[in-house]
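Engineer: Protein chains in written order, with our numbering: chain A, 1 to 293; chain B, 1001 to 1341.
Yeah, the Cβ is synthetic: ideal placement off N, Cα and C, and Gly gets one too.
Model, not experiment: these values are computed from the prediction.
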């Protein structure tokens, strides 16, 4: 009976399916189109004559003999040394995730286990910090970093990203640790553990699902950041996103837009894989804050 | 937990936030009330057989000395806040006195960089946020009614616009709406105007950025509402049906009230995020038609000259904007807190 009562009338069903198809098309098509186009020459991807050229690759065939060319990728990765930016991004992401999870779990755990009033104020302060536009913080860093010669190097950027990431990490881990029953570490303490030993032996083994979810978001922040990395890194140390932005200025004039297109596709690919494997964690992470209120 | 243990646990994260979030805020406030030193000029009289000449040159040594002695520069008070690049007090006053109607006044104001950026930032924030909430809600309803095998796939594709780097996402769309790109060509064909270029007009640029904003953030609202729909009280829904509620009435009186706390949450998050809109402007190369507060700070910082004081001043004004946006939430939390204790 229930299934029948909840069944939609055919008209509504059609409408809702059409809508969802439209949305999925809007969400996915740009990526598929750019991936396909990245293997073409510029005159095909930006075709003045006939838009079907971008699909069939008429000019690409004329120039290279096949409908697919990896000129864009070669130009980006070898000529423009995009691989260096990829390595830098790897370093930045790895350290940002590790450091921010380490100090974030300690802090989040403490916030969830302390019943004092200041924890509330601490979380409110974190919320305010979360709202600060990153570029206003960068405006605050530049002068001291120049004066102390800290500008331009990876460690500075890593520390800054860790700090910017903390408010979010703390909120997430705080609500996660609250779901772990207090009795677990209380009983360990009764058995003679110190607070840290209780954390080490009782909480750490059960905290991984929450930590992995939080880690994913830390990774995304570090990977996607443009504001901090473009202002605080020197040209040699650039990560992928600022590197792509700097491509635009130089290559557009030299007619090498395809380098940028290839670089964009290269930078998007890891994110695709990430969503594919961690879809469940991402969804649960996004909703965790919401369900808590 | 004891105060002492709490202290040691919280210390690293508190230190990181203090040093790299709280102190920079203090730093921009300080920077915004100082201007860089002007170069010290010296006049040297050089005499040769043809007579004496006075030449003015920059005294590098004295300039450096002055800079070392006071690295922050000269104290300027609120002068930078009042200048043309920021609140432009004199210009606004003049425009008000010489106005020919309100429209004319706003037109003049719109030529001042700070107000122009403010105008776009506020429009973007308050147009994109409600749109993405409505859009996300409709997607959530539609996906929820899908067959369960299709749900996973639909969620996968829906997440993409949000997960992808904002700069990269806007670049991908920008290449497509280029007058030689596929969407650009399609629009030219649709309006049968071969010279149509979205990049060339202010109105179209704003629409383009707003569409991007909704495209980028709707998945977030979708995921949150979708999760909310899973916890929908089935009893209430069934009893409303027995009472003869139509499908629309069920949504209006059962589903929406159930999701209301989530709507507040999404609205809060997105107001904060949209207020700092910045990457799409770089990605769409739209600075000629639309600038945001974050963008003018970036522009000041990034140029050859690195106008630090000017950037700091805009930063302080932006932070004030954030504070105003956040204040209703903070006041409510404070009330809740007082009631509890």
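Does chain A have any CB closer than 8 Å to the CB of residue 1045 of chain B?
Structural biologist: Taking Cβ atoms only, chain A never reaches closer than 8 Å to residue 1045 of chain B, which makes this a no.
Engineer: Please report how far the alpha carbon of residue 1053 of chain B lies from the alpha carbon of residue 1042 of chain B, in whole angstroms.
Structural biologist: Their Cα atoms are separated by approximately 13 Å.
Engineer: Locate the beta strand (DSSP E) running through residue 1041 of chain B, then write down its first and last residues.
Structural biologist: 1041-1048 is the extent of the beta strand (DSSP E) around residue 1041 of chain B.
Engineer: State yes or no: is the beta carbon of residue 1049 of chain B nearer than 8 Å to at least one beta carbon in chain A?
Structural biologist: Residue 1049 of chain B does not count as touching chain A.
Engineer: Taking a cut of 8 Å between CB atoms, which residues from the region 46-57 of chain A lie near chain B?
Structural biologist: Listed in sequence order: 46, 47, 48, 51 and 54.
Engineer: Restricting to runs no shorter than 4 residues, where is the alpha helix (DSSP H) found entirely within the region 1113-1193 of chain B?
Structural biologist: Counting whole runs of 4 or more residues, the region 1113-1193 of chain B contains the alpha helix (DSSP H) stretches 1113-1144, 1148-1163, 1166-1177 and 1182-1190.
Engineer: Our contact map puts residue 1225 of chain B next to residue 1140 of chain B with C-beta atoms below 8 Å; I'd like the distance itself, whole angstroms only.
Structural biologist: Sure, about 4 Å apart at Cβ, within 8 Å.
Engineer: In terms of alpha-carbon separation, which member of B:1294, B:1274, B:1284 and B:1304 lies closest to residue 1344 of chain B?
Structural biologist: The shown model of chain B, from 1001 to 1341, leaves out residue 1344 of chain B, and the question about it has no answer.
Engineer: Between the alpha carbons of residue 1055 of chain B and residue 262 of chain A, how many angstroms are there, rounded?
Structural biologist: If I take the Cα positions, the gap works out to 56 Å.
Engineer: Within 8 Å (strictly less), CB to CB, does residue 1320 of chain B reach chain A?
Structural biologist: No, residue 1320 of chain B does not count as interfacial toward chain A.
Engineer: Given a cut-off of 8 Å on the beta-carbon distance, is the pair residue 97 of chain A and residue 177 of chain A in contact?
Structural biologist: Going by C-beta atoms, residue 97 of chain A is not nearer than 8 Å to residue 177 of chain A.
Engineer: Comparing alpha-carbon positions, which option in A:23, A:33 and A:18 lies nearest residue 1183 of chain B?
Structural biologist: That would be A:33, whose Cα lies nearest to the Cα of residue 1183 of chain B.
Engineer: Should residue 1303 of chain B be flagged as near chain A, meaning a C-beta pair shorter than 8 Å?
Structural biologist: Chain A, which has no Cβ nearer than 8 Å to the Cβ of residue 1303 of chain B, makes this no.
Engineer: So, is residue 1084 of chain B buried or exposed, given that buried needs 16 or more other C-beta atoms within 10 angstroms?
Structural biologist: Flag for residue 1084 of chain B reads exposed.
Engineer: Residues of chain A with CB under 7 Å from residue 1181 of chain B, in chain order?
Structural biologist: Residues of chain A passing the Cβ test: 46.
Engineer: Mind checking if residue 1324 of chain B is an interface residue toward chain A, Cβ cutoff 8 Å exclusive?
Structural biologist: Cβ-Cβ to chain A under 8 Å: no for residue 1324 of chain B.
Engineer: Just to confirm, is the Cβ distance from residue 1122 of chain B to residue 1279 of chain B under 8 Å?
Structural biologist: It is not a contact, given that the beta carbons lie outside the stated cut-off.
Engineer: Name the chain B residues that come within less than 8 Å of residue 16 of chain A, Cβ to Cβ?
Structural biologist: What residue 16 of chain A touches in chain B: 1141, 1142 and 1145.
Engineer: Rounded to whole angstroms, what is the Cα-Cα separation between residue 46 of chain A and residue 1288 of chain B?
Structural biologist: Cα to Cα, residue 46 of chain A sits roughly 23 Å from residue 1288 of chain B.
Engineer: Within 8 Å (strictly less), CB to CB, does residue 148 of chain A reach chain E?
Structural biologist: No chain E appears in this structure, whose protein chains are A and B.
Engineer: Where do the ends of the beta strand (DSSP E) carrying residue 38 of chain A lie?
Structural biologist: That residue, residue 38 of chain A, is in no beta strand (DSSP E); it is neither H nor E in DSSP.
Engineer: Figure out for me which residue from B:1327, B:1040 and B:1165 has the closest Cα to the Cα of residue 1057 of chain B.
Structural biologist: Looking at the Cα atoms, B:1040 is the closest of the given residues.
Engineer: Look at residue 234 of chain A and residue 152 of chain A and say whether their C-beta atoms are less than 8 Å apart.
Structural biologist: It is a contact, given that the beta carbons lie within the stated cut-off.
Engineer: Closer than 8 Å by beta-carbon distance: list the chain A residues that pair up with residue 1215 of chain B, in chain order.
Structural biologist: Going along chain A in sequence order, the residues near residue 1215 of chain B (Cβ under 8 Å) are 26 and 27.
Engineer: Run through chain B and tell me which residues come within less than 7 Å of residue 10 of chain A, C-beta to C-beta.
Structural biologist: Per Cβ cutoff of 7 Å: no residues; residue 10 of chain A is ~13 Å from chain B at best.
Engineer: Could you check the C-alpha separation between residue 1204 of chain B and residue 259 of chain A for me, to the nearest Å?
Structural biologist: Between residue 1204 of chain B and residue 259 of chain A, the C-alpha separation is close to 27 Å.
Engineer: Is the region 1252-1263 of chain B close to the region 1226-1242 of chain B, with three or more CB pairs under 8 Å?
Structural biologist: The answer is yes - the region 1226-1242 of chain B touches the region 1252-1263 of chain B, with three or more Cβ pairs under 8 Å.
Engineer: Taking the alpha-carbon of residue 162 of chain A as reference, which of B:1341, B:1003, B:1019 and B:1318 has the nearest alpha-carbon?
Structural biologist: Cα-wise, what sits closest to residue 162 of chain A is B:1019.
Engineer: Cα separation between residue 1212 of chain B and residue 121 of chain A?
Structural biologist: The alpha-carbon atoms of residue 1212 of chain B and residue 121 of chain A are separated by roughly 36 Å.
Engineer: Does DSSP classify residue 1277 of chain B as helix, strand or coil?
Structural biologist: DSSP places residue 1277 of chain B in coil when its eight states are reduced to three.
Engineer: Would you call the region 141-157 of chain A and the region 175-191 of chain A in contact, with 3 or more CB pairs under 8 Å?
Structural biologist: With a cut-off of 8 Å, the region 175-191 of chain A and the region 141-157 of chain A do not count as touching, because too few Cβ pairs lie within range.
Engineer: Where does residue 1075 of chain B fall in DSSP's three states?
Structural biologist: It is a strand residue.
Engineer: Since residue 89 of chain A and residue 239 of chain A should fall inside the 8 Å C-beta cutoff, what is the C-beta to C-beta distance between them, to a whole number of angstroms?
Structural biologist: Contact flag correct, Cβ pair sits at about 4 Å.
Engineer: Since residue 299 of chain A and residue 69 of chain A should fall inside the 8 Å C-beta cutoff, what is the C-beta to C-beta distance between them, to a whole number of angstroms?
Structural biologist: Given a span of 1 to 293 for chain A in the structure shown, any question on residue 299 of chain A remains unanswerable.
Engineer: Closer than 8 Å by beta-carbon distance: list the chain B residues that pair up with residue 164 of chain A, in chain order.
Structural biologist: 1020 and 1021, listed in chain order.
Engineer: So is residue 80 of chain A buried or exposed if we call it buried at 16+ other beta carbons inside 10 Å?
Structural biologist: Buried, because 16 or more other Cβ atoms sit within 10 Å of the Cβ of residue 80 of chain A.
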